[in-house]
Each structure stands twice: as structure tokens, then as C-alpha cells.
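Read in my numbering, the sequence shown has 85 at position 84, and its numbers run on one by one without any break. By construction, the Cβ of each residue, glycine as well, lies at the ideal position given by its N, Cα and C atoms. Presented below is the structure to which this report refers.
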Amino acid sequence: MSGGAEGTLELDHLLRVAVKQDASDLHLKPMRPPLLRLRGKLIPLPGRPLTPTELDRVLRRLLTPKRARLLAERMRVEFGYSLPGVSRFRATLFHQRGTLAASFRRLPAAPPTIDSLHLPDLLRPLAGLAHGLVLIAGPPASGKSSTLAALLREVVDRRLVQVCTIEDPIEHLIADGLGSVIQQEIGADVATAEEALRNAIRDGADVIALDEVRDEPTWSAVVDAAGDRLVIATVRAASLSEAIAAAGAGEDERRRARVAEVLQAVVHQRLVERADGSGMVAAVEVMRRTDDLAALVARGRLEEIVPAIARENGGRGMQTLNQSLVALAVHRVVEPEAARRVSPDAAEFDALLRGVCQRALHPERRRHGVNEESTMPTEAEFARIHRLLDAESRYEKLRRETERQLAQRDAKIRELEEELRTLRQAEAARIRELRHMEADREEILKAVETQNKLYEMEAKQTARRLEQLERELEEMRCRDREQAERIRRIEEERRRAVQAFEELCRRYESKLGGFPADEPTSEMTEDEDDVWGDW
Numbered sequence: 002m003s004g005g006a007e008g009t010l011e012l013d014h015l016l017r018v019a020v021k022q023d024a025s026d027l028h029l030k031p032m033r034p035p036l037l038r039l040r041g042k043l044i045p046l047p048g049r050p051l052t053p054t055e056l057d058r059v060l061r062r063l064l065t066p067k068r069a070r071l072l073a074e075r076m077r078v079e080f081g082y083s084l085p086g087v088s089r090f091r092a093t094l095f096h097q098r099g100t101l102a103a104s105f106r107r108l109p110a111a112p113p114t115i116d117s118l119h120l121p122d123l124l125r126p127l128a129g130l131a132h133g134l135v136l137i138a139g140p141p142a143s144g145k146s147s148t149l150a151a152l153l154r155e156v157v158d159r160r161l162v163q164v165c166t167i168e169d170p171i172e173h174l175i176a177d178g179l180g181s182v183i184q185q186e187i188g189a190d191v192a193t194a195e196e197a198l199r200n201a202i203r204d205g206a207d208v209i210a211l212d213e214v215r216d217e218p219t220w221s222a223v224v225d226a227a228g229d230r231l232v233i234a235t236v237r238a239a240s241l242s243e244a245i246a247a248a249g250a251g252e253d254e255r256r257r258a259r260v261a262e263v264l265q266a267v268v269h270q271r272l273v274e275r276a277d278g279s280g281m282v283a284a285v286e287v288m289r290r291t292d293d294l295a296a297l298v299a300r301g302r303l304e305e306i307v308p309a310i311a312r313e314n315g316g317r318g319m320q321t322l323n324q325s326l327v328a329l330a331v332h333r334v335v336e337p338e339a340a341r342r343v344s345p346d347a348a349e350f351d352a353l354l355r356g357v358c359q360r361a362l363h364p365e366r367r368r369h370g371v372n373e374e375s376t377m378p379t380e381a382e383f384a385r386i387h388r389l390l391d392a393e394s395r396y397e398k399l400r401r402e403t404e405r406q407l408a409q410r411d412a413k414i415r416e417l418e419e420e421l422r423t424l425r426q427a428e429a430a431r432i433r434e435l436r437h438m439e440a441d442r443e444e445i446l447k448a449v450e451t452q453n454k455l456y457e458m459e460a461k462q463t464a465r466r467l468e469q470l471e472r473e474l475e476e477m478r479c480r481d482r483e484q485a486e487r488i489r490r491i492e493e494e495r496r497r498a499v500q501a502f503e504e505l506c507r508r509y510e511s512k513l514g515g516f517p518a519d520e521p522t523s524e525m526t527e528d529e530d531d532v533w534g535d536w
């Protein structure tokens with residue numbers, strides 16, 4: 002592995018190799034070559050061991066200031082690391098022997114489901130809870146985060162709710178379904194889990210998921226929040242009772258009573274290697290709330306819970322870890338020896354397995370009171386059981402496939418019916434629209450016709466008015482001509498009168514000039530008389 006800027010590129014190359022080899026983990030440790038985990042086995046990659054200096058240089062390139070501070074405070078930090086087009090990983094950087102080491106857990110491209118993880122159907126009803134606390138417990142690397150993601154996927158697909166996850170780091174990207182999902186990473190999106198929990202409550206989240214709860218203040222907030230909403234939390238615990246105690250049921254009476262009031266279910270799981278070597282499968286212990294179990298929690302008698310679940314013998318949606326291990330062993334999912342190694346009580350596991358095998362092979366013995374605990378089943382008996390289970394499995398698989406095909410056909414029929422109904426509704430809407438358009442057209446035509454008639458009437462009236470105005474104008478013009486003629490004649494007469502007056506004045510003046518001033522005469526000549534007469 003080279004240093005400098007090429008260090009990250011070399012790390013990406015190792016991660017690509019891990020994905021190509023279908024490895025679940027890549028482990029990097031000083032003085033060792035890179036290790037891949039294939040089907041639970043560690044396989045070293047060819048090449049020289051990694052030196053502490055070059056590994057430290059490469060890993061520190063992945064640290065933001067926030068991650069570097071957390072690594073310095075806790076000596077360990079986890080975060081999500083994405084390789085575009087390849088995969089997502091959960092990166093864990095930690096100190097060992099004074100040097101920096103790391104592991105990269107490959108995360109699935111799509112979030113897991115209950116079916117893909119082969120989890121029992123007992124978990125499905127948990128997705129329908131309206132309120133209360135559900136704990137998912139197990140030791141480190143036991144698949145708790147995957148189970149949480151599968152349960153949340155079930156919630157989002159089935160319910161119209163607002164889901165808020167609080168993770169450190171975000172491992173599985175959960176897409177919206179019927180419900181909506183908000184995923185927050187501690188340190189990147191919010192400072193602390195307690196603050197994120199308060200924000201989720203304030204924002205009205207219906208379902209809150211925490212992966213994982215580590216401190217007492219957060220536990221107190223979780224228990225309080227579970228009173229009126231569903232809270233699902235993972236917790237590191239070696240047993241079911243230890244998980245309940247972590248929530249506060251091991252403390253004072255008031256706190257135990259509060260936990261007993263809100264606790265709806267506990268899922269405790271362990272990973273077991275598959276019989277075919279293809280990986281790991283979870284053995285799951287499930288506790289559901291009953292009045293009796295709630296009373297045990299309230300009294301702090303947690304050690305009595307698992308025996309009480311065992312007495313239910315698979316009833317009320319519950320099972321013990323040994324019952325789950327026996328079911329996996331009988332169905333050949335895991336080897337009996339592998340299941341026994343994981344069992345919290347190997348003797349009880351053997352007794353349960355022996356009883357199941359005896360009842361399957363010799364049902365008449367139970368009717369006659371034959372002791373089923375006398376001997377373990379032989380290899381031949383196990384083979385016979387497996388053949389019967391294989392036949393039952395094939396029948397069950399065929400039944401499920403038939404039901405699936407019928408369900409798909411029914412869904413297709415419903416889809417086609419819905420599509421036909423939609424088309425018919427659309428056609429009816431188009432017909433109604435056409436009718437409305439035709440009615441509008443008729444109304445428009447009538448309005449146009451009425452308007453045309455009005456225009457024609459107005460045009461005729463206007464024409465008549467124009468004719469009348471033209472006649473009046475012509476009459477006015479005639480009157481104007483007559484008036485002008487009269488004015489001309491009057492002007493002519495005035496001119497002639499003025500001329501006659503002027504002529505008369507001249508004659509009068511000339512006549513006055515021939516007489517004395519003091520001897521006026523009143524007699525006029527004949528010509529003067531004619532002039533005055535004309536005037």
C-alpha cells in the first residue's frame with residue numbers, strides 16, 4: 002500500500018476486491034496483510050504486511066475534524082464510507098497496541114427485509130405497534146442493525162407514518178414507502194442522540210429508531226418517549242434480561258414500573274454459521290408483552306422471563322433462543338453442533354432437539370408414554386427427519402409460490418380493474434366535457450345570431466339616420482344658398498343706397514353752395530326729388 006495521495010486510492014482498490022470476492026468485511030491491521038472475511042472465515046490477501054506508518058497515513062485521510070476528535074476521545078470511531086458505483090461500508094477505526102487499525106463492514110445496496118434475513122414471522126406484528134418500546138439486543142456484530150433496518154422497512158411499507166432514525170453511523174439507506182423516513186447521523190446531522198430524540202419528538206415523529214443506546218440520559222429519554230409513540234432501539238446485551246436491565250429495569254421501583262409499562266417486545270439474537278457455509282443466520286429470541294411478564298419486569302425478577310417464555314412453548318408470538326436454534330437445526334439451516342455452541346444452555350438445547358426428533362419420527366411413542374429423552378436421534382433418523390422436512394419444505398415452497406402467483410394474478414386483476422375504472426371515469430369525464438362544449442357552442446351560436454340581428458337593426462337604423470342627416474344637410478345647404486343670395490341682394494341694395502346717399506350729399510352740398518347761409522330754401526329741384534324718392 003503506497004503513501005501520499007495514492008493511499009486512499011489503494012484503500013478503494015482493496016474495498017473493490019472485497020466486493021468482487023463477496024467478502025463481508027475487510028480488516029486492516031499493522032504488520033499483517035489485509036484480511037477478508039469470507040463466509041465467516043478470515044482469508045489474507047496476497048502481498049506484504051502493512052506498516053503502521055502507511056496504514057496510519059491512509060486511515061487518517063478518512064477522518065474529518067469531528068471524527069478525529071471522537072477518535073481521540075473514545076479511542077474508536079465509526080462512520081459510513083461510500084464507494085460510488087461499488088458499495089457502502091461501515092468503517093470502524095480503533096487503536097490497538099498503540100497503533101491505528103480499521104475494519105470495513107460491507108453494507109447491502111438495498112436495506113434488508115425480514116424475508117431476506119430469514120427472520121421469523123414473529124417479528125412482523127411488531128411493525129404494527131402504535132406505541133411502546135421495542136428492544137433489539139445482542140452482542141457486537143450480531144446483526145442488530147440489519148434487524149432494525151428490516152423492521153423499519155416493514156413499518157414504512159405497511160404504515161402511513163413519519164419515521165425518524167438516529168444512527169452512528171447510518172448503515173442502511175431506507176427509502177420512503179407508504180410512510181416517510183428521516184435518517185440522522187450523530188456527529189453529522191445532530192450533536193447527540195439525546196438531542197436528536199428531543200427533535201424527533203418535537204417534529205411529531207410517529208416511529209423513532211435508535212442504533213444504539215449507550216448512556217443513561219438517552220435511556221431515560223427513550224423510555225419517556227415510548228409512552229405515546231413507537232420507539233425501537235438496539236442495545237448491546239448478552240441476554241434478553243440484560244437488555245431489559247439496560248433500559249432501567251434493574252434500578253429503583255419507579256423506573257422498573259415505567260419500563261414495564263412501555264416495554265412491548267424484546268428481540269435477542271445471535272448469529273450462527275449456516276450449514277452450507279454460505280454465511281450466517283440469526284437465531285432469534287422474542288418476548289412479547291403480557292401481564293405476567295410485565296409484572297416480572299416491574300418486580301425486577303428478570304431471570305424468570307426466559308423460563309416463562311419457554312413455558313408458552315411458542316405461543317403468544319414468543320420463543321426462546323434455544324427454541325429458535327432447534328428450529329434452525331431441524332430444518333438443516335445450521336448444523337446441530339454449531340447451534341449448540343451458541344446456545345445459552347446446551348443441555349436444554351439437546352433435550353429440545355431430542356424431543357422434536359422423537360415426536361417427528363415416532364408420534365405413537367408420545368401417545369403410549371414412551372420416554373423421549375432416553376437417546377439422541379441417530380444419523381439415520383436425522384436423515385429421515387431431513388427427508389420429511391425437505392418434502393414439507395418443497396410442499397411449503399410450492400404452496401407459497403402458488404399463493405404468490407395467485408396474489409400476483411389477483412393484484413394484476415385489481416390493477417387492470419382499477420385501470421379500466423380510471424379509463425371509464427376519464428371517458429365519462431371527456432363525454433361530459435364534450436357535452437358541456439356542445440352546449441357552450443349552441444349558446445355561443447345563439448348569442449352570435451342574436452348579436453348579428455342587433456347589428457343588422459342598428460345598421461339599418463344607422464343607414465336611415467344617415468339618409469335623414471344627408472337630407473337635413475342638403476336642406477341646410479339650400480337654406481344657406483338662399484340666405485347667401487338674400488345677403489347678396491341686401492348687400493347690393495345697401496351698396497346702391499350708400500351710393501345714392503353719397504350722390505345726394507354731393508348734390509346737397511353743391512346746392513347749399515349757391516344760396517346765402519341765412520336764406521335757406523325748402524324747395525327742391527325735380528332731380529333732387531327723384532334722388533330722394535329712389536333712396
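- Kindly indicate which three-state DSSP category Gln324 falls into: helix, strand or coil? helix
- Could you give the residue range of the alpha helix (DSSP H) that holds Ser140? Before going on, a small fix: residue 140 reads as Pro here, not Ser. Looking at the DSSP string, Pro140 is not in any alpha helix (DSSP H), and its letter there is neither H nor E.
- Task: Find out if the Cβ-Cβ distance for the pair Leu241, Leu322 is shorter than 9 Å.
- Result: yes
- Using the Cα positions of Lys398 and Glu416, report the straight-line distance between them to the nearest angstrom. 26 Å
- Taking the Cβ atom as the reference point for each residue, do Pro170 and Glu195 lie within a distance shorter than 9 Å? no
- Task: List the whole-angstrom C-beta distance separating Val1 from Val208, where the pair is believed to meet the contact cut-off of C-beta under 8 Å.
- Result: In the structure displayed, the chain extends from 2 to 536; residue 1 sits before or after that span and is not available.
- Item | Between the CA atoms of Gln320 and Ala248 - distance to the nearest angstrom | 21 Å
- Query: Nearest CA to the CA of Arg237: which residue from Ala328, Arg230 and Ile245?
  - Reply: Ile245
- Message: With a threshold of 6 Å on Cβ separation, who are the neighbours of Gly48 within its own chain once the five nearest residues in sequence on each side are excluded?
- Response: Pro34
- Message: For Glu419, which residues in the same chain have their Cβ closer than 8 Å to its Cβ, ignoring the five residues on either side in sequence?
- Response: none
- Per-residue DSSP class, three states only, for His14: helix
- Message: Just verifying my parser: in three-state terms, what is the DSSP assignment at Lys30?
- Response: coil
- Query: Can you pull the DSSP bridge partners for Met166?
  - Reply: The identity of residue 166 in the sequence shown is Thr, whereas the question assumes Met. Per DSSP, Gln184 and Ala210.
- Buried or exposed by the 16-neighbour rule on C-beta atoms within 10 Å, applied to Leu446: exposed
- Among all the DSSP beta bridges, which residues are the ones paired with Arg289? Ala266
- For Val287 versus Gly318, is the C-beta distance shorter than 9 Å? yes
- Message: Check this for me: beta carbons of Arg98 and Pro50, under 9 Å apart or not?
- Response: no
- Message: Quick check on Arg395: does DSSP put it in helix, strand or coil?
- Response: helix
- Query: Candidates Arg431, His332 and Leu353: which alpha carbon is nearest Ala392's?
  - Reply: His332
- Message: Bridge partners for Pro1 per DSSP, in chain order?
- Response: Residue coverage of the chain in this structure runs from 2 to 536, which leaves residue 1 outside it and unanswerable.
- Query: On the three-state DSSP scale, how would you describe Val260?
  - Reply: helix
- Message: Given this structure, state the Cα-to-Cα distance separating Glu213 from Thr166, to the nearest angstrom.
- Response: 10 Å
- Message: In whole angstroms, give me the CA-to-CA distance for Val162 and Leu179.
- Response: 8 Å
- Roughly how many angstroms lie between the CA atoms of Arg442 and His173, to the nearest whole one? 60 Å
- Residue range of the unbroken beta strand (DSSP E) whose run includes Ala92: Ser88 to Gln97
- Which residue comes first and which comes last in the beta strand (DSSP E) that contains Glu243? Per DSSP, Glu243 belongs to no beta strand (DSSP E); it is in the alpha helix (DSSP H), Leu241 to Ile245.
- Enumerate in chain order the residues of its own chain whose CB-to-CB distance from Val20 is below 7 Å, with the five nearest sequence positions on each side excluded. Val87, Ser88 and Arg107
- Item | Per-residue burial, Pro112 [other beta carbons within 10 Å of its own, 16 or more giving buried] | buried
- Flag this pair as yes or no: are the beta carbons of Ala73 and Arg61 separated by less than 9 Å? no
- Are there 16 or more other CB atoms within 10 angstroms of the CB of His28, so buried, or fewer, so exposed? buried
- Message: Rounded to the nearest angstrom, what separates Arg487 and Arg497 at their Cα positions?
- Response: 15 Å
- Task: Use the C-beta contact count for Arg368: other C-beta atoms within 10 angstroms, 16 or more gives buried, fewer gives exposed.
- Result: Here the model assigns Arg368 a pLDDT of 48, short of 50, so the residue's position is not dependable, and the following value carries that caveat. Classification for Arg368: exposed.
- Work out the CA separation of Asp229 and Ala201 for me, nearest whole Å. 13 Å
- Message: Just to confirm my understanding: we take Val18, look at its own chain, exclude 5 residues before and 5 after, and list those with CB closer than 6 Å. What are they?
- Response: none
- Task: Note down, in chain order, each residue of its chain lying with its Cβ closer than 7 Å to the Cβ of Leu12, except the 5 sequence neighbours on either side.
- Result: Val59
- Query: Taking just the CA atoms, how far does Gln270 sit from Tyr327?
  - Reply: Here the sequence assigns Val to residue 327, which means Tyr is not the residue at that position. Cα to Cα, Val327 sits roughly 14 Å from Gln270.
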